[in-house]
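Enquirer: Take this structure, written in C-alpha cells, and hold onto it; I'll ask about it next.
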Amino acid sequence: MKELAKNFDPSVVEERLYNTWMEKKYFHTEVDKSKEPFCIVMPPPNITGQLHMGHALDNTMQDILIRWKRMAGYNALWVPGIDHASISTELKVVQKMASEGLTKDDVGREGFLERAWAWKEEYGGIILNQLRKLGCSCDWDRVRFTMDEGCSDAVLETFCKLYEKGYIYRGEKIINWCPECQTTISDAEVEHTDMAGHFYHINYPIVGSDEKLRLATTRPETMLGDTAVAVHPEDERYQHLIGKTCIVPVLNKEVPIVADDYVDREFGTGVVKITPAHDPNDFEVGLRHDLPRICVMNDDGTMNELAGRFCGMDRMEARKAIVEQLKEEGHLVEIEDINHAVGCHERCHVAIEPMIKLQWFVKMDELAKPAMKVYQDQELKFVPDRFGKIYMHWLENIRDWCISRQLWWGHRIPAYYCDECGHITVAKANPGKCEKCGSANIRQDEDTLDTWFSSALWPFSTLGWPENTEELKHFYPTSVLVTGYDIIFFWVIRMVFSGMEQMGERPFDDVLIHGLIRDDQGRKFSKSLGNGIDPLEVIKNYGADPLRLMLITGNAPGNDMRFYWERLDNCRNFCNKMWNASRFVMMNMEEEEPKFLMLTSADKWILSKVNTLAKDVQETLSKYDLGLAAQKVYDFIWDEYCDWYIEMVKPRLYNKEDSTRAAALWTLKQVLINALKLMHPFMPFITEELFTAIQDKEESIMISQWPTYREEWNYKENEMEIDTIKEAVRNIRNIRAEMNVAPSKKVHVYVVSENEEVRGIFEHSKVFFKTLGHASEVTVQADKAGIGEDAVSVVVKDATIYMPLAELVDFAKEIERLEKEQAKLVKEVERVVKKLANQGFVAKAPAHVIEEEKAKEEKYKAMLAQVEERLAQLKK
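So the sequence shown is residues 1390 to 2265, counted in my numbering.
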C-alpha cells in the first residue's frame, strides 16, 4: 500500500496518471464480440480552434459515459477526430498570407492547399491535445480527420451515389452569399445580430391611374431587381389592382401586381415588393408566378451593370444614392427607425446577401422521410425529448441543401465539365474524358463541398465506411451522440438522413442534448464582452477534476448553465475532503485483511447506503441525467461517509481492544472503494490516485469492475436504526446551537422511550452516539425517572432526548448575554417601527425599500420573542 502525500496536487498527479493510462493502452479498444458494444464518435472540433468551455462540457459528458460503460464491462469505444472546417481554415490561411503580402491568386490553388495542409499539421491537434488535459479517455490510436483518405473516400462515394439517384443536382436558387469571403455559406454560419436600421416607405405608382401602392423595405438597393409587387388574394383593398402593373421608382420600370398567399395582409400596408434574385421568399413567389430573376449585385457586394447608373457602387453606397433619388422624385414617403436582426457571416461578421446562384444542391424531400420515421418509431431518441419535436419541425419544413462552396480548402466537387458538349460527368476519380462525347477536354468543378457534407457521414466514415470493416459491423449504429442544442438542425439531422440513406440504419440510438455555458450574469462567453474563461487556465489553477465536477453538477440535460467561481471552489474543497478521508482510512489500516467480521448497525447502515447508491447511480446514468448522478455520489461521500460514518467509527478505531474495530476498518475500505469507483467517471484523476493507494487487487480504477447492487448488502432495518440516531444527533446539535453551548462542553444525555426496540437502538449505538451528541454520559431508560423538570428536551420518532439545563449553560452568564441581546433587539424594533411610521419616508421611498424595512421589523420582533422566551425559562 503506497503512501499518500499530505495534500492533493493535481499538477503533479494528473500528467503522471494520464501518461500511465496511455502507456498501458487503457483507452484503446479492439472489436470484442463477447462484449456488448458501446460507441461514441466525438463531435469533431475545428482545426482552427482552441478548447473553450463548450468543448470542456461536451467532452466531459462523453468521457463520463465512456468511462462508466468501460467499467461496466462493455466493449467501449470513443472515436476522436477533427474537422477541416473549410471556411474557417481558409479564412485563417488567407489572413496569414495577407500578413506576408500574398493573396490566393498569387500562389494559385495548389500553392494555397500546400499552405492549408501545413496549417492543419501545425494546429490540427491543438484541441485534441488539450482534451488530454481534461482527462478524456478517447482511443487516440483511432483519431480521424474529415479530409483523411478514408473520410474523403466516403465523401466521394456519397456524392456519386446521391447524384446517380437524382438526389444531387445543379441549379439556380437563392443562397446565403458572403460578399467578404465570396462564397455561399450555410444557415448554421449565419448569426443574426440586432442592429439599428430603417424601414423605407416608398410609393409605387399604378400605371394608367393616379393611385399609388405604398410598401416598405429595409433594402432599397434590391428594388433594382424587382420584377413584381404582391398583395394577398383576399385583401379587399387591392382586389381592383390584381393583374394591373405599377412602376418601380428610380428604374421607371413597369412590373405586374400579383396575388399571393405569402403576403401578410395584417403587416404594414399588406403590399410587398418581389425581388426573386435577392430574397428566398420572393424566389418562391417568383417560381409560382413565372417571374424573371434579376441579380443586380456582383460577388463582392458591389452593384453590377443591371443596376444602371449605380453600377460599381458598394451596396450600402447604392442604398444611400437610391434613397436620395427617391426623395428627389417624391416617391419616398418616410424613413422609419427600427431595430432588426441582420444576418451576418459568423466568421467575418459582414452582412450576408441572399442571392440567386448556380450551385449544387441535395434534394431533401425523400431523404427527410426516413429521418422522420426513425424518430416517430422511437428508434432514435432525444434527451430531453422536447428537442425531438424541434428536430421534426425542421425536417417537416426542410429545404434543399446547398452543398457547394466557392473555396479551395475542402473536398472538391467530383464533377467534370466537358468544354466540347457541355455534359457533366460525376465520378470518384478524374475520368480522363467526357462520358458522353469522349472528349478529353474536360475540367473539374472549382468548388468544394460544404463542411457539413463530410461531417454528416462522421458516425460511419470514422468506422471505415465505405469499406465493410469489423468496426463498422460491430459498433454501428453508435450508442449516443452528445451535442449542443444549437446544431440539431445543421448537423444532427444531416447525420440521421445520411445514416439512413447510406447504412439503412440510424447513426446513433440516443441524442443527448446539453445547453450553453454562460457567465454568472447569464451572458454568452464572447471576445467582445471580455468574459471568456479558458478551461486550461482553470485546470492549471484548480485541476481537471474540480472543473469536470463543476461543469456536470447542477446541469440538467438541455438546459443552459452558469459558470460560478464559488462552485469551482466547492468542487476543489470536495477533492480535499475525499483526499483527507482516504488518508484517514489508510493511516488506520492494518497490514492483513480480517478473517472474521463483527459488523455493527453503523457498518451495515453505510454498506446498505453505498449499495443503494450503486443502484441509483446506475439508473440515473442510464437516463443520461449525469449531473444528478454526480450529485448523488458527491452527497454520499461528503455527508454520509465523511461527516457521519467516519465520525461514528472513530471511537472504535481509537480503541485497539474493541472487538468490532476490524469490521470498522474493513467497512471503511470497502465503502470507500465503491464510492471512488462511482465517482471515477466524473473525477478520473483523484479517484485513480486514491484507488491505487488504498487497494492492490485491481491495477487501475479505469478498468476495475463497476459497483452493482448486492442483495447481501441490503440492510434496510439498520438504515432505519442509524437514521433514528442521526435525527437525535441533529436535534441535539440544533438545541446546543440555539443555546450557544460550546462544542467542547459535554452534558449528560438521557434517552427515554417506552419502545424496547428503540431503546435497543440507542444502547447498541452508545459508543458513537455519545461522541456525536457531545455527551459526557448516555443513559437509556423507559421513563423520565430521575430527570429534572428544567431539562431541555427534543423529540424523535418513539423517543424523547433530555439534557439537564444546568449542565448546558452557566445561568448567570447566559442571562447576562441574553439581556444584552434583548436590549439591542428592542432598539432595532423601535428604529424600524419609527421609520415606517414616518409618512415622509413612506411617501418618498421606493416600494422595495419599504418592503425590506417591513421584513426587518418582522425578523427583529421574532428574534426578540425568542430571546424573551429563553430569558423567562432561565429566570424561573
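Glycine included, each C-beta is placed from N, C-alpha and C at the ideal position.
(1) Could you give the distance in angstroms between the alpha-carbon of Ser1357 and the alpha-carbon of Asp1679?
(2) Just verifying my parser: in three-state terms, what is the DSSP assignment at Leu2025?
(3) What is the DSSP secondary structure of Gln2084, counted as helix, strand or coil?
(4) Measuring CB to CB, does Trp1797 end up less than 7 angstroms from Phe1534?
(5) Take Val1927 as the anchor and find which of Gly1904, Tyr1953, Gly1911, Leu1905 has the nearest alpha-carbon.
(6) Since Gly1943 and Gly1893 are thought to touch, with beta carbons under 8 angstroms apart, how far apart are those beta carbons, to the nearest angstrom?
(7) Below 8 angstroms, can you find three or more Cβ-Cβ pairs linking the region 2228–2238 to the region 2165–2183?
(8) Please classify Met1884 as buried or exposed, where buried requires at least 16 other C-beta atoms within 10 Å of its C-beta.
(9) From the beta carbon of Gly1555, is the nearest beta carbon of chain B less than 7 angstroms away?
(10) Excluding the 5 residues preceding and the 5 following Glu2100 in the sequence, name in chain order all residues of the same chain whose CB lies nearer than 7 angstroms to its CB.
(11) Can you give, in chain order, each stretch of the alpha helix (DSSP H) that sits fully within the region 2067–2121 and has at least 4 residues?
(12) Does the Cβ of Pro2235 have 16 or more other Cβ atoms within 10 Å, making it buried, or fewer, making it exposed?
(13) Does the region 1557–1574 touch the region 1711–1728, meaning 3 or more C-beta pairs lie closer than 8 angstroms?
(14) Check the C-beta distance from Leu2010 over to Trp1457 and give it rounded, since I have them as a contact under 8 angstroms.
(15) Could you round the C-beta distance between Val1900 and His1734 to whole angstroms and report it? I think they count as a contact, below 8 angstroms.
(16) Please state if the CB of Val2138 and the CB of Gly2177 are separated by a distance shorter than 7 angstroms.
(17) Put Thr1658 into one of helix, strand or coil per three-state DSSP.
(18) Should the region 1800–1807 be regarded as contacting the region 1835–1848, the criterion being three or more beta carbon pairs within less than 8 angstroms?
(19) With a cut-off of 8 angstroms, do at least 3 Cβ pairs link the region 1562–1579 to the region 1736–1753?
(20) At the level of alpha carbons, what is the spacing between Met1431 and Asp1576?
(21) Taking three-plus beta-carbon pairs below 8 angstroms as touching, is the region 1610–1623 in contact with the region 1647–1661?
(22) Using the three-state DSSP reduction, which class does Glu1742 fall into: helix, strand or coil?
(23) Grab the span of the alpha helix (DSSP H) containing Tyr1558 for me, first residue to last.
(24) Taking Cβ positions, are Val2256 and Glu2210 nearer each other than 7 angstroms?
(25) Taking just the CA atoms, how far does Phe1672 sit from Ile1564?
(26) Is it buried or exposed, Thr1582, if we count other Cβ atoms within 10 angstroms and call 16 or more buried?
(27) Would you mind working out which of Ile2035, Ile1595, Asn1959, Ala1970 sits nearest Asp1992, comparing C-alpha positions?
(28) Can you tell me whether Arg1704 is buried or exposed? The criterion is at least 16 other CB atoms within 10 Å of its CB, across all chains shown.
(29) In three-state DSSP terms, what is Lys2155?
(30) Under 7 angstroms, do His1812 and Lys1822 count as touching if we go by C-beta distance?
(31) Measure the C-alpha to C-alpha separation of Lys2173 and Val2141 and round it to an integer number of angstroms.
(32) For the alpha helix (DSSP H) containing Met2192, list its first residue and its last residue.
(33) Using beta-carbon positions only, say whether Ala1666 and Ile1745 come within less than 7 angstroms of one another.
(34) Looking at the secondary structure, which residues open and close the beta strand (DSSP E) in which Trp1783 lies?
(35) Quick one: is Asn2107 buried, meaning 16 or more other Cβ sit within 10 Å of its Cβ, or exposed?
(36) On the DSSP bridge assignment, give the partners of Val1712 in chain order.
Expert: Looking at the atomic coordinates:
(1) Limits of the chain in this structure are 1390 at one end and 2265 at the other, which puts residue 1357 out of reach.
(2) This sequence places Phe at residue 2025; Leu is not what is there. Residue state, collapsed to three classes: helix.
(3) coil
(4) no
(5) Tyr1953
(6) Rounded, the Cβ-Cβ distance is 41 angstroms, inconsistent with contact.
(7) no
(8) buried
(9) No chain B is present in this structure, which holds just one protein chain.
(10) none
(11) 2073–2083
(12) exposed
(13) no
(14) 6 angstroms
(15) About 28 angstroms separates the two Cβ atoms, so there is no contact after all.
(16) no
(17) coil
(18) yes
(19) yes
(20) 23 angstroms
(21) yes
(22) strand
(23) Taken as a continuous stretch (DSSP letters only), Tyr1558 belongs to no alpha helix (DSSP H), being part of the beta strand (DSSP E) at 1557–1567.
(24) yes
(25) 10 angstroms
(26) exposed
(27) Ile2035
(28) buried
(29) helix
(30) no
(31) 7 angstroms
(32) From DSSP, Met2192 is part of no alpha helix (DSSP H) but of the beta strand (DSSP E) over 2188–2192.
(33) yes
(34) Counting along the chain, Trp1783 falls outside any beta strand (DSSP E), though it belongs to the alpha helix (DSSP H) covering 1775–1785.
(35) buried
(36) In DSSP, Val1712 forms no bridge with anything.
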